[in-house]
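One structure is given below, encoded as structure tokens.
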Amino acid sequence: MSSADNTWRGSTMAARSAERRDQLVRAGFELLGADGAAATTMRAVCRTAGLSLRYFYENFPDREALLVEVYDEVAHGLLAAVTTRLAAAPADEIARIHAAFDAAAGYFEDDPRRGRIMFRETLADDTLRTHGAAALPDFVRLIATQLSPDRAAQLTPSDLTMPISALSGALVSLFLDWLAGRIPASRPEIVAYATHLTTAILTTP
Numbered sequence: 013m014s015s016a017d018n019t020w021r022g023s024t025m026a027a028r029s030a031e032r033r034d035q036l037v038r039a040g041f042e043l044l045g046a047d048g049a050a051a052t053t054m055r056a057v058c059r060t061a062g063l064s065l066r067y068f069y070e071n072f073p074d075r076e077a078l079l080v081e082v083y084d085e086v087a088h089g090l091l092a093a094v095t096t097r098l099a100a101a102p103a104d105e106i107a108r109i110h111a112a113f114d115a116a117a118g119y120f121e122d123d124p125r126r127g128r129i130m131f132r133e134t135l136a137d138d139t140l141r142t143h144g145a146a147a148l149p150d151f152v153r154l155i156a157t158q159l160s161p162d163r164a165a166q167l168t169p170s171d172l173t174m175p176i177s178a179l180s181g182a183l184v185s186l187f188l189d190w191l192a193g194r195i196p197a198s199r200p201e202i203v204a205y206a207t208h209l210t211t212a213i214l215t216t217p
């Protein structure tokens, strides 16, 4: 190791620390997405990541902080997938809302663990329930911004408080049941229904 540049075998200490943090987050994602919050203990995460508890505490103060980090990574991925699709979507508000939900459905369909983390585990774990209740409305607000400028101009933030709350709960149940196979619908069908539901709620006087 060189004291001049804090390197070890060609890798800086900061890079190695960042790599260990990434290993822990990936392990948390695997456990939370496959086995749930109850199975995502610090020791299980360290075992899956191949790291000691020392490195866990180097990056996270407790298990709950890791759960939030994993959830946020999935939520940010969802928003990125949706905003990327919206960049190429037509101007029509229904088409834009449909595009947003199709991007979301594809994101969860590509890796069902994402859906479990965002929907099922927010119902099973107190930390994720509280955090998800604050984070999920961001997605619904993004959907709401796809309304036409004329319609959006007629709405104040207070006008959207109840619709966003109602939609957040409804969409969690809808996607959770679809991903679990309890709703025998195709992706186009679930996207069409989510679009109809959202438009109806957001445009109700």
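Per my numbering, residue 13 is the first one in the sequence shown, and the count goes up by one each step. Cβ coordinates follow ideal geometry from the N, Cα and C atoms, glycine included. It should be emphasised that the depicted structure is a prediction, and the values quoted were computed from it without experimental measurement.
Sort the options by Cα distance to residue i and report the nearest one.
i, options, result
"Glu85", "Leu179, Ala206, Thr157 and Arg125", "Arg125"
"His88", "Ala192, Phe120 and Leu65", "Phe120"
"Val225", "Cys58, Ala117, Arg97 and Arg75", "The structure shown does not extend to residue 225, since the chain is modelled only from 13 to 217, so the question has no answer here."
"Ile155", "Asp123, Ala101, Asp47 and Arg199", "Ala101"
"Asp138", "Ala77, Arg153, Ala107 and Ala103", "Ala77"
"Ser29", "Tyr67, Asp123, Val57 and Cys58", "Tyr67"
"Ser177", "Pro200, Arg199, Arg153 and Gly193", "Arg153"
Buried or exposed for residue i, going by 16 or more other Cβ atoms inside 10 Å?
i, result
"Leu135", "exposed"
"Ala146", "exposed"
"Gly144", "buried"
"Leu7", "Because residue 7 is not part of the residues shown, which for the chain are 13 to 217, the question remains open."
"Tyr83", "buried"
"Ala197", "exposed"
"Ala107", "exposed"
"His208", "exposed"
"Ala112", "buried"
"Pro200", "exposed"
Going by the CB atoms, is the gap between residue j and residue i shorter than 8 Å?
i, j, result
"Ala99", "Ala115", "no"
"Ile109", "Gln158", "yes"
"Arg33", "Asn71", "yes"
"Ala7", "Leu186", "Since the displayed the chain opens at 13 and closes at 217, residue 7 lies outside it and no answer follows."
"Leu79", "Leu140", "yes"
"Ala51", "Leu63", "no"
"Pro175", "Ile202", "no"
"Arg75", "Thr53", "yes"
"Glu61", "Leu36", "It is Ala, not Glu, that sits at residue 61 in the sequence shown. The answer is yes: Cβ separation under 8 Å."
"Thr210", "Leu179", "yes"
Pull up the CB-CB distance for residue i and residue j, whole angstroms please, since I reckon it's below 8 Å.
i, j, result
"Gly40", "Arg128", "With a Cβ gap of about 13 Å, Gly40 and Arg128 do not count as contacting."
"Ala49", "Glu105", "With 8 Å as the limit, Ala49 and Glu105 do not qualify as a contact, their Cβ atoms being about 37 Å apart."
"Leu188", "Phe151", "About 14 Å; that fails the 8 Å criterion."
So what does DSSP say about residue i, is it helix, strand or coil?
i, result
"Thr24", "strand"
"Thr215", "coil"
"Ile195", "coil"
"Gly40", "helix"
"Asp114", "helix"
"Ala100", "coil"
"Gly127", "helix"
"Pro200", "helix"
"Gly48", "coil"
"Pro175", "helix"
"Leu209", "helix"
"Asp84", "helix"
"Ser15", "Residue confidence is low: Ser15 scores 47 on pLDDT, short of 50, so the model does not pin down where it sits. No coordinate-derived value is stated."
"Asp74", "coil"
If we cut at 8 Å on Cβ distances, does residue i have a partner in chain C?
i, result
"Leu154", "Absent from the structure is chain C; it holds one protein chain and no more."
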